[in-house]
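Novice:
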Amino acid sequence: ELYDPATRGFSAAGSMPSKSFGHTATLLASGKVVVFGGGNSSVQLFDPATRNWSSAGSLSSNRSWHTATLLPDGRVLVIGGADNAGKTLNTTIVYNPANGTYASGPTLDVQRERHTATSLPNGKVLVVGGRRKNGNSYVTHATFTVCDATACTPSTSGIIAPRHSHAAAALGLDGSKVLVAGGANVNPDLATIELYDFVAGRWTSTGLGSLAPARRGLTLSEAPNGRALAAGGTSGGTATRLSDLYVPPMA
24 ELYDPATRGF SAAGSMPSKS FGHTATLLAS GKVVVFGGGN SSVQLFDPAT RNWSSAGSLS
84 SNRSWHTATL LPDGRVLVIG GADNAGKTLN TTIVYNPANG TYASGPTLDV QRERHTATSL
144 PNGKVLVVGG RRKNGNSYVT HATFTVCDAT ACTPSTSGII APRHSHAAAA LGLDGSKVLV
204 AGGANVNPDL ATIELYDFVA GRWTSTGLGS LAPARRGLTL SEAPNGRALA AGGTSGGTAT
264 RLSDLYVPPM A
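Take the sequence shown: its letters are residues 24 to 274, numbered as in our numbering.
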């Protein structure tokens with residue numbers, strides 16, 4: 024569906040060629056939207072001018088709970104996720120919409136799914152948290168890594184809380200601060216918030232407040248003046264309609 028903020032209304036936008044769940048949707052420089060995976064290997068393009076969907080080839084493997092981030096040169100970096108057997112992936116894929124090609128990207132430091140990937144001012148991507156399958160259970164990551172189309176550099180400093188199924192958003196005019204909120208550590212839902220300062224290269228967790236209630240599967244969207252809106256998610260296994268507005272501390 025398409026949402027028009029001027030009329031505050033939704034309208035039908037057709038049906039995707041393939042069913043998807045746990046997929047990603049990324050806005051391209053052309054104004055089209057590319058949808059990767061979601062229980063399959065499909066790649067689907069939506070053209071808002073015509074409201075038509077079309078196939079854009081396929082990934083090298085089935086993939087869900089991955090991320091897909093637009094790079095400065097117009098390519099898209101698809102990171103991690105899980106295959107249909109539940110195996111967590113440490114591979115990445117680089118999609119070039121200019122010629123419709125796919126290439127293998129850098130290998131992650133660890134397998135990650137349900138992580139976040141946020142663009143930084145230098146054109147690289149900050150990959151935070153997530154989890155990996157370990158036998159019949161999962162291990163939640165308390166690490167981050169910085170990737171581009173050719174390499175991923177694991178974190179060597181900084182302490183972050185272990186979390187997956189969280190949300191992240193770049194804040195400020197230059198996007199130099201990345202806010203990370205909520206999620207879960209295996210089972211307990213999290214209310215905590217952390218802030219990454221790209222210029223200083225450090226994480227902060229004090230004086231930022233917290234979500235109410237703790238929840239996972241939420242969304243986090245940048246708002247004016249360095250603020251962010253956290254919306255929805257599940258708390259204790261129950262979906263919530265609640266939202267929180269993050270207001271940055273006074274300088």
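We put the beta carbon where it would ideally sit given N, CA and C, even for glycine.
1. Using 9 Å as the threshold, is the C-beta distance between W88 and A105 below it?
2. For P95, which residues from the same chain have a beta carbon less than 7 Å from its beta carbon, with the 5 sequence-adjacent residues on both sides left out?
3. Using the Cα positions of A184 and V209, report the straight-line distance between them to the nearest angstrom.
4. State the beta-bridge partners of P177 as determined by DSSP.
5. Quick one: using the 10 Å Cβ neighbour count with 16 as the cut-off for buried, is P211 buried or exposed?
6. Helix, strand or coil: how does DSSP classify E24 here?
7. Does DSSP put V101 in a helix, in a strand, or in coil?
8. Taking only three categories from DSSP, how would you classify T215?
9. Quick check: what's the CA-CA separation for G198 versus V56?
10. With 16 other CB atoms within 10 Å as the buried threshold, where does S65 fall?
11. Counting along the chain, where does the beta strand (DSSP E) carrying W226 start and finish?
12. Report the three-state DSSP secondary structure of R186 (helix, strand or coil).
13. Would a C-beta distance cut-off of 9 Å place A193 and E245 closer than the cut-off?
14. Within 10 angstroms of its Cβ, does Y161 collect 16 or more other Cβ (buried), or is it exposed?
15. When burial is assigned at 16 or more other CB atoms within 10 Å of the CB, is N159 buried or exposed?
Specialist: Quick look at the numbers:
1. Taking the first residue of the sequence shown as position 1, residue 88 is located at position 65. Taking the first residue of the sequence shown as position 1, residue 105 is located at position 82. Cβ atoms of W88 and A105: closer than 9 Å.
2. Position 72 of the sequence shown holds residue 95. Excluding positions up to five away in sequence, the list reads G146.
3. On the sequence shown, position 161 is the one that residue 184 refers to. On the sequence shown, position 186 is the one that residue 209 refers to. For A184 and V209, the distance between alpha carbons rounds to 12 Å.
4. On the sequence shown, residue 177 is found 154 positions in, with the first residue counted as 1. The partner list for P177 (beta bridge, DSSP) reads T168.
5. Residue numbering aside, residue 211 sits at position 188 when the sequence shown is read from its first letter. Exposed: under 16 other Cβ atoms inside 10 Å.
6. Counted from its first residue, the sequence shown places residue 24 at position 1. E24 carries a coil assignment under DSSP once its states are collapsed to helix, strand and coil.
7. Within the sequence shown, the letter at position 78 stands for residue 101. Residue state for V101 is assigned as strand, using DSSP reduced to three classes.
8. Numbered from its first residue, the sequence shown carries residue 215 at position 192. Looking at T215 - three-state DSSP - the assignment turns out to be coil, as it is neither helix nor strand.
9. One-based indexing of the sequence shown puts residue 198 at position 175. One-based indexing of the sequence shown puts residue 56 at position 33. Their Cα atoms are separated by approximately 22 Å.
10. Translated into the one-based positions of the sequence shown, residue 65 becomes position 42. Result: buried.
11. In the sequence shown, counting from the first residue as 1, residue 226 sits at position 203. 225 to 227 is the extent of the beta strand (DSSP E) around W226.
12. Here residue 186 is taken as the residue at index 163 of the sequence shown, counted from 1. In the three-state DSSP reduction, R186 falls in the coil class, being neither helix nor strand.
13. Within the sequence shown, the letter at position 170 stands for residue 193. Within the sequence shown, the letter at position 222 stands for residue 245. Yes, they are a contact pair.
14. The sequence position of residue 161 within the sequence shown is 138, counting from 1. Burial state of Y161 is buried, judged by a 10 Å Cβ sphere holding 16 or more other Cβ atoms.
15. Taking the first residue of the sequence shown as position 1, residue 159 is located at position 136. Counting Cβ neighbours within 10 Å, N159 comes out exposed, since fewer than 16 surround it.
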